[in-house]
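Reading through the structure tokens given below for one structure.
Residue numbers (the numbering used here): 4 to 1162.
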């Protein structure tokens, strides 16, 4: 199986859960003791589907999918069970709090470091890379729990995006990382994935490279700074002047020339300059095409069926049905919902996103699968025609002249060499060859390759006397060049596979040595024609000579005795010894070809081995008897070859060249597992709560926009409601989907929930894969098949939930909500993140215009006050405390004791408007509830969705008091405004300061907004509430309305007793009040998410500064000014002080914040 994993930011946790369940399927057939009852169920399923086992040999991922691909590959190569290690890594280390930049990240931090610009909001090299290194090392150090042998072949393909680079070889933003493992591990240059038995020093470097690949492919633009990838055309394992980073030239397709090396020409940048790499999902977020390319290169030494499985946590949402004819509100809402997913933020993100010219979809990528399968089927059709012709042909097999064969290859070879010229980093960067500085040519220029190839093949045709003819190359073509030998090897492997399908298991023994022949031949072609052509890519006039020289060089290649022995039919050399002999990792070039005295000529030796394999295949074909076999080309050849003893493998290649010949590729079966997969049962309390939450969310959307659901097509409406009832949408059950899929990073409980859903969805997907629909079944049989699949799914999913160690930690009410997070965490998170966003907007040191730079710097500096306010807004209780402190201080500080009537009348007028809006909002909400009730009754009565009506009635009852309170508050505001106007007219209120009233008015506005939102808020009819230990903070927040009332009562009492008396105007008195107020405000902003010592450290200077400024105002400004500036001093000092130094505040650790699971 090949896995293609889509990127999804925090949805990587869901992908991790899917992989954990797939890994259990993989291990279900080995002799590992059952740690889960599901292993037995999976063995039953595999037996019913007639499979002996499952291997995941190809892992392709983009962005967060690439992260999971690396971890799964390492878990397999080290024989480690993925569940415990990877899950704990996500739960403990996958939080946003740990990834945010912190003052402690900079060893040279000073008092101004928190004010300087940053490259990103999250710390890539400082935090993410460290976590990645820790994760891969934990896997390597974990005890081996699986008894299954590590896979013999394993490939990891990761997508990456290169930022614009001055190096001329980088002509595209598409990049990637490729890791492989072959028998023998790191002892050969074929392997870059470490595992059991590898030398630890080499394995440590390899793990560092994989960790850096994780860091690079998952570097979401703007969130993380670009990763610096050092890839140098040098045998050094550690890149020079890189701070200890590995040299990635064996896993990254681009490479710089080594410093001081001029052989690559002047078009390359110094090797000390890194490549800048960001998230692979910018260009390739759905890596199905990468998986297909890896499939085409993958060997299969046993009878196999190839499946490509695509993992997508959140497929594109289907459009919500709208009324017909559609109302303007419905159209706008649906359009806004669809376009909201396309938004991206600001400069650094735009730099990456501007490269993304289209919106990628799985349907686009599936086209590659269809094209691959169509090509395989078309090739089969042509070979069947050849088989039919051979079946009726009389006499000996025809011998196709070499000259005719050479000309027939021009078309197919031109495609290969064109890709060598236009995409050398893809075509020539294959194990065991490292990356080299290469400059691709324009596709238009590559069209000349066909003419160059025709000229070259004319020169190498035996007996040709054309200008430039080469006798050595002609000699090679007479015997058969490397390309012909590769075609012969593929044909013989396809023959062996056909015998396996006919029940001749003995043919399987021939495939390992044939695959080895193919490996040697691919290296030979790379060393000769491919490299010769690539070296003169920029000079089209030299292409013909390069092709001829490359073919001639093939006649001079030799292989060592060790490699030769490993290629013989029935040899006892294991794969590890073969790969180590062919391409030992200890040589600088990584190539094991030799020219020693004991070496053998490559082509002569290889053709001899291929002929021996051909004879063995003919012998094994004698007793094969299956319908498909009897009509195959192989049977036709097997019947004729004994009478044509001189007919060699090269003769067969020339014979089948016109038809294209059989290939080793097979049809790829496609399957997908997505977050939209519904649970098999909804009986549990948690699933019932999720369903209630999903229904409430949909009802609320319809209610807010007064949607005429009775005008929606009944069939579409029923299907939509069924989808919601069945939890068939990822956004209805996965906690990580909100906030552009970043929400999963906010709470470990949400990640635990998504991990479990990944396992649940995987279980359903596995059942569907192993028990597909039978197209020949009648209705009764299909019903039995559906029932059997449903039974398997329920058993598997119930077992997953029963054994979940975090079952009691799932969100308290359906999906997790931001308000469920601890208040101190919310305040700290918003304060830190928003501050970092603003610092990331600061201009770089190089700016085209000093004036523009100054304007931008000033603008960004002014924006720094925003995080201070946001930190309080996200916690109503802190905001109320801050407002209360400011309110009381404003009464007690000296200032102008009178306010003109204009301000009082203005406040009265605005209050009347607010009151009127509240009354209108209450009436409109009542109308919407009545309309929704009437429309829903018409739409669902007598149907399967009548429960929605019950949910609506429950919600209407719950929100009635909010609508009544809204109307009452509106009437109260109008009455208060009228009274204020009357008293102002009589001169009663003008004796008082209006500043406290303004603060009260802000509270009134906030309360009005809350009430209007609550009027159409639909609470779910059910809620799942696991036991929660409540502290003082949680109980206090439930009494927020009481706190608000107390604040107002205190304000009224103070006003009543203070009357029109003027507070004492003494500098010490003013300074103390201002200092206390500023200290309280600083404490409100910092308390809980930083240590008490940090709070005191920043509150004390703010208090001193506020007191001093207030005293100055009291002495010099108040006596001569009617402006109420003293009242604003504590607030302004707090605001500006934290705006400057908030970036220097050191946050508490995750453990101190309680953001990690407790053992």
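Ideal placement from N, C-alpha and C gives every residue a C-beta, glycine not left out. All figures in this text were calculated on a predicted structure; none of them were measured in a lab.
When only Cα atoms are considered, residue 883 and residue 1083 end up about 12 Å apart. For residue 524, the three-state secondary structure derived from DSSP is helix. DSSP places residue 904 within a helical segment (H, G or I) once states are collapsed to three. Residue 251 sits in coil when the DSSP states are folded into three classes, being neither helix nor strand.
Contact between the segment 674-683 and the segment 310-319 is present: three or more C-beta pairs spanning the two stretches fall below 8 Å. Between the segment 158-169 and the segment 407-417, the count of C-beta pairs closer than 8 Å stays below three; the two stretches do not touch. For residue 61, the enclosing beta strand (DSSP E) has its first and last residue at 61-64.
In the pairwise beta carbon analysis, the segment 1006-1022 is classified as touching the segment 690-704: at least three pairs are separated by under 8 Å. The C-beta of residue 778 has fewer than 16 other C-beta atoms within 10 Å across all chains shown, which makes the residue exposed.
Closest in alpha carbon position to residue 794, among 959, 875, 683, 136, is 683. Per DSSP, the continuous beta strand (DSSP E) segment holding residue 161 begins and ends at 157-165. Residue 612: member of the alpha helix (DSSP H) spanning 605-623, first to last residue. Counting only runs of at least 4 residues, the segment 411-457 fully encloses the following alpha helix (DSSP H) elements, listed from N- to C-terminal order: 413-425, 427-430, 446-449. Between residue 12 and residue 843, the gap from beta carbon to beta carbon reaches 8 Å or more.
As the crow flies, the alpha-carbon of residue 465 is around 16 Å from that of residue 413. Counting every other CB atom within 10 Å of its CB across the protein chains shown gives residue 435 a total of 16 or more, marking it as buried.
Around the CB of residue 197, 16 or more other CB atoms lie within 10 Å, so the residue is classed as buried. Between the segment 224-235 and the segment 72-90, the count of C-beta pairs closer than 8 Å stays below three; the two stretches do not touch. A residue is called buried once 16 or more other Cβ atoms fall within 10 Å of its Cβ, and residue 127 is buried on that count. In the DSSP assignment, residue 181 falls within the beta strand (DSSP E) that extends over 177-184. Here DSSP, grouped into helix, strand and coil, assigns residue 57 to coil.
The bridge partners DSSP lists for residue 7 are 63, 313. Rounded to whole angstroms, residue 1007 and residue 975 show a C-alpha spacing of 11 Å. Here the segment 797-810 makes no contact with the segment 53-70; the two share fewer than three CB pairs at distances below 8 Å. By the Cβ neighbour-count rule, residue 457 is exposed, with fewer than 16 other Cβ atoms within 10 Å of its own. In this model, residue 1075 and residue 1155 are separated by some 33 Å (Cα to Cα). Between residue 431 and residue 537, the C-beta spacing is below 8 Å. The beta-carbon distance between residue 499 and residue 658, rounded to whole angstroms, is 19 Å. This is too long to meet the 8 Å contact definition. With contact defined as three or more Cβ pairs closer than 8 Å, the segment 475-487 and the segment 521-537 are in contact.
When only Cα atoms are considered, residue 775 and residue 195 end up about 37 Å apart.
Residue pairing by DSSP leaves residue 937 without any beta bridge partner.
Distances from the CA of residue 218 to each of 178, 207, 132 were compared; the closest alpha carbon is that of 132.
DSSP places residue 475 in no beta strand (DSSP E) but in the uninterrupted alpha helix (DSSP H) bounded by 474-482. For the pair residue 23 and residue 762, the Cα-to-Cα distance works out to about 7 Å.
Apart from the 5 residues on each side of it in sequence, residue 918 sits with its Cβ closer than 6 Å to the Cβ of 973, 976, 977 in its chain, given in chain order.
A distance below 7 Å between beta-carbons, with the five flanking residues on each side excluded, links residue 623 to the following residues of its chain, in chain order: 502, 507, 509, 510.
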